[in-house]
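Everything on this sheet refers to the single structure shown next.
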Amino acid sequence: MTDPLTGQTDLVRRLAGTLARASGWMKLVAVLAIVGGALYVLTIVGIVVAWIPIWLGVLLWQAADAASRAEADSDPVLLERALDRLRLLFTVYGVIALVGIILAALAFVLLLVGVVGGLGELARELQGT
Numbered sequence: 006m007t008d009p010l011t012g013q014t015d016l017v018r019r020l021a022g023t024l025a026r027a028s029g030w031m032k033l034v035a036v037l038a039i040v041g042g043a044l045y046v047l048t049i050v051g052i053v054v055a056w057i058p059i060w061l062g063v064l065l066w067q068a069a070d071a072a073s074r075a076e077a078d079s080d081p082v083l084l085e086r087a088l089d090r091l092r093l094l095f096t097v098y099g100v101i102a103l104v105g106i107i108l109a110a111l112a113f114v115l116l117l118v119g120v121v122g123g124l125g126e127l128a129r130e131l132q133g134t
C-alpha cells in the first residue's frame with residue numbers, strides 16, 4: 006500500500022517540475038517585460054501604460070520562482086501560487102488583447118467613416134465645378 010502523502014509529494018514535484026524546467030525562460034521574459042516597461046516610461050504615452058509590462062514581468066518572475074521552490078520542497082501551496090500567478094498573467098494579457106482588438110476595430114471604423122466622408126466631399130466639389 007502506498008502512502009497517500011508520498012503520492013501527493015511525488016505529484017506536486019512532477020507538476021511543479023514541468024513549470025520549474027521553464028523557469029529560466031519565464032524569468033528571461035519577465036526581465037525583458039520589466040526592462041521594456043522601464044523604457045516605456047521614457048515616452049509621453051508610455052508613462053501612462055508602463056506599469057502594465059512591469060506588473061506582468063513581476064507576475065511571471067513570481068510564478069517562475071514559486072514553481073522552482075515548489076519542485077524543490079514538494080510544496081502544494083507554492084505550486085498553487087505559481088499557477089495562480091500564471092492565471093492572473095493570462096487574464097491580464099487576455100484583457101489587453103481584447104481592448105487592443107476593440108480599439109483597432111474602432112480606429113478602422115473611424116478611418117472608414119473619414120474616407121467615405123472625404124470621398125463624398127470630393128464628389129460634391131467636383132459636381133460644383
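Under the working numbering, the first residue of the sequence shown is numbered 6, with each subsequent residue one higher. Even glycine gets a Cβ: it sits at the ideal position worked out from N, Cα and C. For clarity, every value in this text was computed on a predicted model and none was experimentally measured.
Since residue i contacts residue j with CB under 8 Å, what's their CB separation in whole angstroms?
{"i": "S28", "j": "A77", "result": "With a Cβ gap of about 11 Å, S28 and A77 do not count as contacting."}
{"i": "L93", "j": "L65", "result": "Incorrect: roughly 10 Å between the Cβ atoms, too far for contact."}
Could you give the DSSP three-state label for residue i: helix, strand or coil?
{"i": "V114", "result": "helix"}
{"i": "V46", "result": "coil"}
{"i": "T7", "result": "With a pLDDT of 46 at T7, under the threshold of 50, the modelled position of that residue is not reliable, and the figure given next carries that caveat. Reduced to three states, the DSSP call for T7 is coil."}
{"i": "L127", "result": "helix"}
{"i": "A21", "result": "helix"}
{"i": "R26", "result": "coil"}
{"i": "D80", "result": "coil"}
Only counting the same chain, and skipping five residues up and downstream in sequence, which positions put a Cβ closer than 6 Å to that of residue i?
{"i": "A25", "result": "A72, S73 and E76"}
Roughly how many angstroms separate the alpha carbons of residue i and residue j, rounded to a whole number?
{"i": "A35", "j": "L111", "result": "31 Å"}
{"i": "T96", "j": "I106", "result": "15 Å"}
{"i": "A128", "j": "L33", "result": "56 Å"}
{"i": "V53", "j": "W60", "result": "13 Å"}
Answer yes or no: do residue i and residue j have a C-beta to C-beta separation smaller than 7 Å?
{"i": "A43", "j": "A68", "result": "no"}
{"i": "G154", "j": "I39", "result": "One cannot answer for residue 154 here, as it falls past the ends of the chain, which runs 6 to 134."}
Please work out which residues of its chain come closer than 8 Å, Cβ to Cβ, to residue i, disregarding the five sequence neighbours upstream and downstream, and give them in chain order.
{"i": "L83", "result": "A21, A71, A72, R74 and A75"}
Using a Cβ-Cβ cut-off of 7 Å (strictly less than) and excluding sequence neighbours within five positions of residue i, which residues of its own chain qualify?
{"i": "R18", "result": "E76 and S79"}
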